[in-house]
Each structure stands twice: as structure tokens, then as C-alpha cells.
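Participant:
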Amino acid sequence: MTGEGRDPMPESQALVRLIDELRPAVQFSLHGVEVGGSFLQLTRQVPGAAEVFRGVAARQRIPLELRPFDGMGWYVDAPGVLVLPGAQAADERDPTGFTSEATWTYAMRHGTVSAVVETPYWAVPAVSDARPTAGTRERELARLGELLLSRTKQLEAVLGECTSRVPEERLPFLAAAKELIEVAPGIVDTWTSYDARELGAADLAATVGNSVSLGISARRTPLRAAAMLRGALGERPAPADAAVATRLDGLVGDWCQDMERQYEPRWVPLTAQTSLHTQTMLGVARAAA
14 MTGEGRDPMP ESQALVRLID ELRPAVQFSL HGVEVGGSFL QLTRQVPGAA EVFRGVAARQ
74 RIPLELRPFD GMGWYVDAPG VLVLPGAQAA DERDPTGFTS EATWTYAMRH GTVSAVVETP
134 YWAVPAVSDA RPTAGTRERE LARLGELLLS RTKQLEAVLG ECTSRVPEER LPFLAAAKEL
194 IEVAPGIVDT WTSYDARELG AADLAATVGN SVSLGISARR TPLRAAAMLR GALGERPAPA
254 DAAVATRLDG LVGDWCQDME RQYEPRWVPL TAQTSLHTQT MLGVARAAA
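Residues in the sequence shown are numbered consecutively from 14, following our numbering.
1) Considering only residues of the same chain and omitting the five flanking positions on each side of L97, which have a CB-CB separation below 6 Å?
2) Is T149 near T220, with beta carbons less than 8 Å apart?
3) Apart from the five residues on each side of it in sequence, which residues of its chain come closer than 7 Å, Cβ to Cβ, to R144?
4) Roughly how many angstroms separate the alpha carbons of V46 and P76, rounded to a whole number?
5) Give me the Cα-Cα distance between M121 and R36, rounded to the nearest whole angstrom.
6) Report the three-state DSSP secondary structure of D83 (helix, strand or coil).
7) Can you say whether A38 is buried or exposed, counting buried as having 16 or more other CB atoms within 10 angstroms of its CB?
8) Would you kindly report the start and end of the unbroken beta strand (DSSP E) that includes P133?
9) Mapping DSSP to helix, strand and coil, what is S42?
10) Rounded to a whole number of angstroms, what is the C-alpha to C-alpha distance between A300 and Q58?
11) Thinking C-alpha only, which one of A253, Q26, M294 and S226 is nearest P177?
12) Which residues mark the beginning and the end of the beta strand (DSSP E) in which Y276 is found?
13) So, for Q292: in the same chain, excluding its five sequence neighbours on each side, which residues have a beta-carbon less than 6 Å away from its beta-carbon?
14) On the CB-based measure, 16 or more other CB atoms within 10 Å of its CB, does A136 come out buried or exposed?
15) Thinking just about the alpha-carbon of each residue, which of L53, Y119 and Q73 is nearest to the one in V281?
16) When the Cα atoms are used, what is the spatial distance from T205 to R164?
17) DSSP beta-bridge partners for S51?
18) Rounded to the nearest angstrom, what separates W117 and V171 at their Cα positions?
19) List, from N- to C-terminal side, the alpha helix (DSSP H) runs of 4 residues or more that fit wholly inside the region 184-255.
20) Taking the C-alpha atoms as reference points, what is the distance between P262 and D83?
21) Looking at the structure shown, is L283 part of a helix, part of a strand, or coil, going by DSSP?
22) Assuming F41 and V140 make a contact with CB atoms under 8 Å, what is their CB distance in whole Å?
23) Can you have a look at T234 and say buried or exposed, based on whether 16 or more other CB atoms are within 10 angstroms of its CB?
24) If we ignore side chains and look at the alpha-carbon of each, how far apart do S127 and G244 end up?
25) Mind checking who L95 pairs with in its DSSP beta bridge?
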């Protein structure tokens with residue numbers, strides 16, 4: 014709904030009014046992510062929901078994140094399920110440590126369980142690999158953190174070279190790119206300070222699957238930022254920004270190829286994506302009834 018010092022968004026206010034009026038037993042938020050695996054987040058434990066979700070994912074041949082990259086403060090019911098600890102509503106905390114009020118935790122005051130269903134556009138089966146990593150987790154986290162920060166530093170340099178004024182209609186692209194660049198250090202700090210005790214999970218980067226998930230995240234964040242920054246320049250950049258646009262095109266292309274080489278992602282047909290969403294919704298709703 015809002016973050017610290019921010020006004021609620023009109024669409025959030027409308028949804029809050031609807032939640033207060035209907036007081037639903039279950040509400041769903043359907044998400045998609047570019048590359049990786051699927052996972053389910055529940056604001057409280059629902060007996061049978063995890064089994065329903067895993068069964069749907071198996072039938073659709075969509076791998077489950079062994080330890081999802083999101084929900085760092087949530088209890089991990091591996092594979093692929095996160096449950097909010099405790100029975101009270103809490104602010105949402107993203108992988109950077111940023112907290113915000115969310116409509117899907119707001120509904121808890123009415124006894125509503127919220128379910129977030131995430132499905133990938135391109136699946137990477139290795140995210141579900143439970144084997145231990147070959148090296149130390151500290152070394153792996155340091156390597157992935159350096160990868161993320163080095164790429165966002167490249168984008169900081171490119172951002173400083175944008176000399177023309179971004180058109181007003183393109184400002185959301187610029188704002189999104191800046192935010193992704195700025196949160197990178199927070200993501201790395203969250204990784205290195207993560208405490209798995211009492212959260213049902215192994216430490217980060219302790220398994221092959223989670224190392225793959227974090228590696229995808231380390232690549233996805235700067236790739237998103239580069240694409241957003243290129244979008245801010247428009248299809249026909251000002252002459253002063255032509256060289257920057259070409260450089261960004263190169264980074265986006267190179268980083269996409271790197272993602273493909275590293276993980277060999279498999280396209281998930283749209284029918285499978287929507288089936289995972291709809292069948293999970295029906296199954297969780299029945300389990301929560």
C-alpha cells in the first residue's frame with residue numbers, strides 16, 4: 014500500500030475498502046518472474062495447501078525454488094513454500110530489507126489468509142537441487158554479491174553519462190532503474206546477514222538450488238535496471254545520448270546471453286503458467302474452507 018513517508022496509492026485504497034467490505038477467507042496475488050522457479054507465500058499455515066501447490070507445479074513441470082529468493086524473514090517449508098511467522102500482520106520486507114505496508118498483510122486483521130503465487134516465464138530446474146554446494150557458503154555469497162555490485166556500478170557510470178532530459182512520459186523508467194541500482198547494496202547486506210535459525214531453512218548458498226536462485230537474482234536485478242534505463246531514453250534517443258543507448262543495448266544483450274549460458278532456462282508455456290495460478294488458487298481455497 015505504502016512505504017515510509019509515502020501516501021497510499023489510489024488502487025491500494027480501493028482494494029482496502031473492498032477487503033473491509035468483503036472480509037474474504039482467502040485472497041490471492043498472482044505474480045510472475047522472468048527466470049527461475051515457482052513458489053507460494055502464505056500469511057498463515059493452511060493445512061494441505063503446500064501439498065496442493067507442489068502437486069500442481071509437478072503436473073505443469075515447473076520447478077520449485079528450494080529456498081525462494083523472496084521472503085527473507087518468512088518460515089521456509091521447503092521446497093517452494095514460505096509462511097509468515099506468527100499470527101499477526103506485519104509489514105512486508107523485501108530482499109533489500111525495505112519494509113512497506115502491503116494489502117495482502119492488511120487483510121490478516123479480518124482473518125483472511127493471503128496467498129502469493131509466483132511462476133517463472135523461463136524455468137531453471139537447478140533451483141530445486143538440494144545437494145550441498147561444493148565450496149563454502151561465505152565464498153559463494155561474496156562471489157554473487159560482487160557480481161551484483163560490479164554490474165550495478167557499470168550502470169551508475171552509464172547513468173552519469175545521460176546528458177539529455179528524459180521525457181516526462183519516460184520518467185517512470187528512469188525512477189525504476191535508479192531504484193534497482195540503489196537497492197543493490199541492501200540486497201547484498203541482506204544475503205550476508207541472513208539468519209536461518211527458527212526459519213526452517215538452510216543458510217543461504219548452502220545448497221546448489223539456493224546458490225542458483227541467488228545467482229539468478231544477482232544477474233536479474235542489474236539486467237532489469239539496464240533495460241529500464243534504456244527504456245528511459247526512448248526508441249529514438251537524443252543525439253547526445255545515442256552512445257549511451259548503444260552501450261545499454263550491449264549490456265542488455267550480453268547479460269541476457271550470460272543468463273542463458275549459465276542456467277539454460279526453459280520457456281514455460283503460457284497455458285502452464287496460468288494453470289499453475291488457477292489450479293493453485295482453487296486448491297488453496299478448498300484447503301482454507
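Virtual Cβ for every residue (Gly too), placed ideally from N, Cα, C.
Facilitator: On the basis of the supplied data:
1) T56 and W87
2) no
3) T220 and V221
4) Straight-line Cα distance between these residues: approximately 13 Å.
5) 9 Å
6) coil
7) exposed
8) V126 to A136
9) strand
10) Each residue's Cα considered, the two are about 11 Å apart.
11) The sequence shown places Ser at residue 177, rather than the Pro named in the question. Nearest of A253, Q26, M294 and S226 to S177, Cα basis: A253.
12) Here Y276 belongs to no beta strand (DSSP E); instead the alpha helix (DSSP H) covers A255 to Y276.
13) V69
14) buried
15) For the set L53, Y119 and Q73, the Cα lying nearest the Cα of V281 is the one of Q73.
16) 18 Å
17) L77
18) 37 Å
19) 184-206 and 221-246
20) Strictly speaking, residue 262 in this sequence is Asp, with Pro absent from that position. One C-alpha to the other measures close to 28 Å.
21) helix
22) For F41 against V140, the beta-carbon gap comes to about 22 Å, at or over 8 Å, which does not count as contact.
23) Per the 10 Å Cβ criterion, buried.
24) 33 Å
25) Q54 and V89
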